[in-house]
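Here this note's numbering is used: the first residue of the sequence shown is 87, the next is one more, and so on.
Glycine included, each C-beta is placed from N, C-alpha and C at the ideal position.
Please read the structure below before turning to the comments.
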Amino acid sequence: MKPSEVDVVKMIDANKMRKEKKLSVSSISSSTPPDLKPRVVTVKQHDSKKLYTPSAKKENTKKIVQDAAKEIQNCNDSSEWRLDLSKSGLTKVPITIRDATQLTELYLYGNKLVTLPSEIGCLTSLQTLALSENSLTCLPDSLANLTSLKVLDLRHNKLTEVPDVVYKLDTLTTLFLRFNRIRTVSDDISKLVNLVMLSLRENKIKELSSGIGKLERLITFDVSHNHLEHLPEEIGNCVQLSTLDLQHNELVDIPDTIGNLILLTRLGLRYNRLKTLPNSLSNCNRMDEFNVEGNMLSCLPDGLLVNLKEMNSITLARNSFTAYPTGGPAQFIAVDSINFEHNKIDKIPYGIFSKANYLTKLNMKDNALTSLPLDVGSWTNMVELNVGTNFITKLPDDIQYLQSLEVLILSNNALKRLPATIGNLQKLRVLDLEENKLETLPQEIGYLRELQKLILQSNQLLSLPRAIGHLTNLIYLSVGENKLSTLPEEIGTLENLEALYINDNQSLHHLPFELALCSKLQLLGIENCPLSQLGDAVKGGPSLVMTYLKVNGPYRTL
């Protein structure tokens with residue numbers, strides 16, 4: 087099994103950890119030459135805080151280079167195969183590096199290198215060369231002599247193009263060029279036929295050459311966060327691809343040849359300019375996630391999601407859908423999460439989730455829904471339901487059958503009342519009803535004993551039910567911007583309450599002394615409430631208000 091990009095990065099970063107922990111001995115791996123004793127060679131960092139003058143700085147730089155030269159000599163004397171000169175403040179690599187011909191791994195990341203000496207080309211046994219986090223703008227032509235090189239890490243440098251010498255390193259299996267300033271990739275990329283992993287992420291690339299199609303061994307290709315508008319059709323020749331990351335580009339289309347990539351398990355298409363997807367995408371049926379967030383899609387190819395049978399997560403957020411994709415209930419059989427946030431969908435079709443036995447999360451926030459479907463009571467496995475920012479005027483009684491529900495978000499709708507059956511949602515932890523038109527709450531809300539967060543901000547509530555005192559697990563309660571004139575005494579039983587917002591209730595003149603019993607209360611929002619009962623105490627802010635309630639109430643001795 088080939089390592090992923092993440093795996094290779096971890097291997098390089100693991101070396102960083104060894105460096106930072108100043109370990110002197112590493113474990114023996116299968117790649118270790120049998121006659122060599124592995125040891126990490128490090129260069130001690132100097133205390134730059136003691137440098138005050140340019141001459142002192144120059145002397146320090148000179149000493150760093152001298153120390154590095156000594157470490158190279160020590161490495162040669164003991165025939166070590168790995169040399170770590172990373173994070174040493176190096177501005178140049180000593181030319182004596184040419185003598186370390188036994189090296190198979192050289193780590194130079196996190197220095198101040200602008201160039202490399204041509205002598206580095208003498209390290210013909212080198213298999214891993216880590217040069218990330220420097221200021222390199224070019225590479226010496228002598229690098230072409232590294233005929234055993236497999237991993238080249240050039241992340242976080244200042245390259246404006248892929249150096250020509252890189253195209254001559256045809257033994258490379260892993261090439262990292264992330265976080266540079268590369269604008270073009272030559273057709274010579276086709277020469278790197280042994281590449282398994284190629285990362286061009288976060289550059290300024292506008293176009294890929296057809297030569298990319300010659301990389302038939304490529305398993306992971308990351309060209310996300312660039313400026314691509316099109317992909318070459320030849321991408322379809324990279325039939326070993328498992329991961330193709332294209333998100334955050336400017337793609338306006340995807341070639342039909344994408345359907346040749348039947349081994350794909352991950353295809354990143356988020357945040358492009360796609361208006362359509364090719365029908366051939368249905369051939370890529372090993373993907374377990376389908377995410378096209380942030381495009382301009384209004385529909386999907388007929389039956390696409392039905393054919394992607396391994397799919398467990400679907401994200402179509404921030405597009406232009408006006409209806410659910412065609413394909414009926416069969417397209418959601420294995421899905422556990424669906425995100426349709428920020429579209430223009432006005433209806434959830436009746437029965438659309440009749441086969442979705444694994445569906446636990448549904449996000450329909452910011453659409454055009456006016457109601458929930460009549461069969462909402464059949465969504466018995468739902469754990470998180472977000473239908474905030476719609477036009478829903480009524481919550482059906484059958485909401486009570488969502489017995490697994492833990493998060494229910496109904497904010498920014500037009501609800502005037504809640505059904506009493508909401509009290510049957512025994513597992514509910516979060517209930518968000520902000521910005522509706524609620525005037526009252528049912529007493530049954532007191533049955534939500536697991537509730538930790540209750541948001542009622544910006545409604546038209548005249549009072550809170552006494553049953554709210556049963557919500558003893560409540561941590562956060564927001565009832566600001568309502569029409570409350572009082573709070574129930576039972577609020578004092580909310581022993582776990584940490585945050586209470588009652589701001590902007592223009593008729594709220596009194597607070598119950600029982601509020602002083604909320605011993606864990608840390609945040610109290612009282613802005614724009616008259617609270618005339620408290621007199622001048624209200625001018626001292628929340629902390630003085632709580633002190634007033636404790637001192638003047640019947641619970642001052644508790």
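Would residue i be called buried (16 or more neighbouring beta carbons within 10 Å of its own) or exposed?
{"i": "Pro435", "result": "exposed"}
{"i": "Gln489", "result": "exposed"}
{"i": "Pro411", "result": "buried"}
{"i": "Asn371", "result": "exposed"}
{"i": "Leu635", "result": "buried"}
{"i": "Thr214", "result": "buried"}
{"i": "Arg168", "result": "buried"}
{"i": "Asn614", "result": "exposed"}
{"i": "Glu150", "result": "Correcting the residue type first, residue 150 is Ile in the shown sequence and not Glu. So Ile150 ends up on the buried side."}
{"i": "Asp518", "result": "buried"}
{"i": "Thr196", "result": "For the sequence presented, residue 196 should be read as Gly rather than Thr. When all chains shown are included, Gly196 counts as buried."}
{"i": "His556", "result": "buried"}
{"i": "Lys300", "result": "buried"}
{"i": "Lys244", "result": "exposed"}
{"i": "Val637", "result": "exposed"}
{"i": "Ile348", "result": "exposed"}
{"i": "Pro640", "result": "exposed"}
{"i": "Lys148", "result": "exposed"}
{"i": "Ser285", "result": "buried"}
{"i": "Lys625", "result": "exposed"}
{"i": "Asp256", "result": "exposed"}
{"i": "Glu315", "result": "exposed"}
{"i": "Asp239", "result": "buried"}
{"i": "Glu145", "result": "exposed"}
{"i": "Glu219", "result": "buried"}
{"i": "Arg241", "result": "buried"}
By alpha-carbon positions, which one of the options ends up nearest to residue i?
{"i": "Lys502", "options": "Ile305, His316 and Leu527", "result": "Leu527"}
{"i": "Asn591", "options": "Arg552, Gln543 and Arg515", "result": "Gln543"}
{"i": "Thr259", "options": "Glu319, Thr475, Arg267 and Asn280", "result": "Asn280"}
{"i": "Tyr444", "options": "Gln417, Thr456 and Glu320", "result": "Gln417"}
{"i": "Asp422", "options": "Met382, Leu471 and His316", "result": "Leu471"}
{"i": "Lys178", "options": "Asp483, Glu166, Asp153 and Leu601", "result": "Asp153"}
{"i": "Lys523", "options": "Leu557, Asn346, Asn499 and Ile298", "result": "Asn499"}
{"i": "Gln159", "options": "Asp185, Ala230, Leu517 and Asn243", "result": "Asp185"}
{"i": "Thr182", "options": "Asp388, Glu205 and Ser165", "result": "Glu205"}
{"i": "Gln546", "options": "Thr456, Glu536, Ser629 and Glu520", "result": "Glu520"}
{"i": "Gly389", "options": "Leu496, Lys513 and Gly414", "result": "Gly414"}
{"i": "Lys361", "options": "Ser406, His595, Cys324 and Met397", "result": "Ser406"}
{"i": "Asp339", "options": "Pro364, Lys539 and Ser564", "result": "Pro364"}
{"i": "Glu648", "options": "Ile344, Gly639 and Arg269", "result": "What is shown of the chain runs 87 to 644, which leaves residue 648 out entirely."}
{"i": "Ser234", "options": "Asp250, Cys208 and Leu225", "result": "Cys208"}
{"i": "Ala506", "options": "Val516, Gly532 and Phe262", "result": "Gly532"}
{"i": "Ile419", "options": "Ala409, Phe439, Val248 and Pro226", "result": "Phe439"}
{"i": "Leu534", "options": "Asn266, Ile554 and Asn393", "result": "Ile554"}
{"i": "Gly621", "options": "Ser464, Leu232, Val516 and Leu597", "result": "Leu597"}
{"i": "Leu202", "options": "Ser221, Leu189, Thr210 and Leu212", "result": "Ser221"}
{"i": "Ile305", "options": "Thr187, Val282 and Pro180", "result": "Val282"}
For residue i, which residues from the same chain have a beta carbon less than 6 Å from its beta carbon, with the 5 sequence-adjacent residues on both sides left out?
{"i": "Lys108", "result": "Legend: pLDDT at Lys108 = 45, less than 50; position of this residue unreliable, no value from coordinates given."}
{"i": "Ala585", "result": "Tyr562 and Leu609"}
{"i": "Pro459", "result": "Ile434 and Tyr436"}
{"i": "Pro574", "result": "Leu550 and Arg552"}
{"i": "Glu427", "result": "Ala403, Asn449, Lys451 and Asp452"}
{"i": "Arg356", "result": "Gln333, Asn377, Glu379 and Gly380"}
{"i": "Tyr587", "result": "Ser564, Gly566 and Gly611"}
{"i": "Gly297", "result": "Asp273, Ile275 and Ser276"}
{"i": "Pro616", "result": "His595"}
For residue i, which residues in the same chain have their Cβ closer than 8 Å to its Cβ, ignoring the five residues on either side in sequence?
{"i": "His313", "result": "Lys290, Ile291, Lys292, Asn335 and Glu336"}
{"i": "Leu455", "result": "Ile431, Asp432, Lys433, Ile434, Val473, Asn476, Phe477 and Ile478"}
{"i": "Ser310", "result": "Arg287, Glu288, Asp331, Leu332, Gln333, His334, Asn335 and Gly354"}
{"i": "Lys569", "result": "Gln546, Leu547, Leu548, Asn591, Gln592 and Ser593"}
Is residue i near the ligand ZN - that is, is its Cβ less than 8 Å away from at least one heavy atom of it?
{"i": "Asp227", "result": "Although the ligand ZN was asked about, the structure shown includes no ligands whatsoever."}
Just to check my reading of the structure: residue i and residue j have Cβ atoms closer than 8 Å, yes? What is that Cβ distance to the nearest angstrom?
{"i": "Leu294", "j": "Leu330", "result": "Wrong, their Cβ atoms sit about 12 Å apart, outside the cutoff."}
{"i": "Leu514", "j": "Leu537", "result": "6 Å"}
{"i": "Gln486", "j": "Leu511", "result": "7 Å"}
{"i": "Leu171", "j": "Glu157", "result": "7 Å"}
{"i": "Gly175", "j": "Lys143", "result": "That pair is no contact at about 10 Å."}
Counting only the same chain and skipping the five closest in sequence on each side, list residues whose C-beta sits under 7 Å from that of residue i.
{"i": "Glu600", "result": "Glu575, Ile577 and Gly578"}
{"i": "Asn582", "result": "Thr558, Asn559, Leu560, Ile561 and Lys606"}
{"i": "Asp342", "result": "Pro364 and Ser366"}
{"i": "Leu350", "result": "Leu327, Ser328, Leu330, Cys370, Arg372 and Met373"}
{"i": "Ala602", "result": "Met632, Leu635, Lys636, Gly639 and Tyr641"}
{"i": "Ser211", "result": "Thr187, Gln188, Leu189, Thr190 and Ser234"}
### Query
What are the start and end residues of each continuous beta strand (DSSP E) run of 3 or more residues lying completely inside the region 358-419, in chain order?
375-377 and 399-401
### Message
Please give the ranges of any beta strand (DSSP E) in the region 538-590, keeping only runs that are unbroken, at least 3 residues long and fully inside the region.
### Response
539-541, 562-564 and 585-587
### Message
I'd like the ranges of any beta strand (DSSP E) spanning at least 3 consecutive residues and lying wholly in the region 212-295.
### Response
Counting only runs of 3 or more, we get 214-216, 237-239, 260-262 and 283-285.
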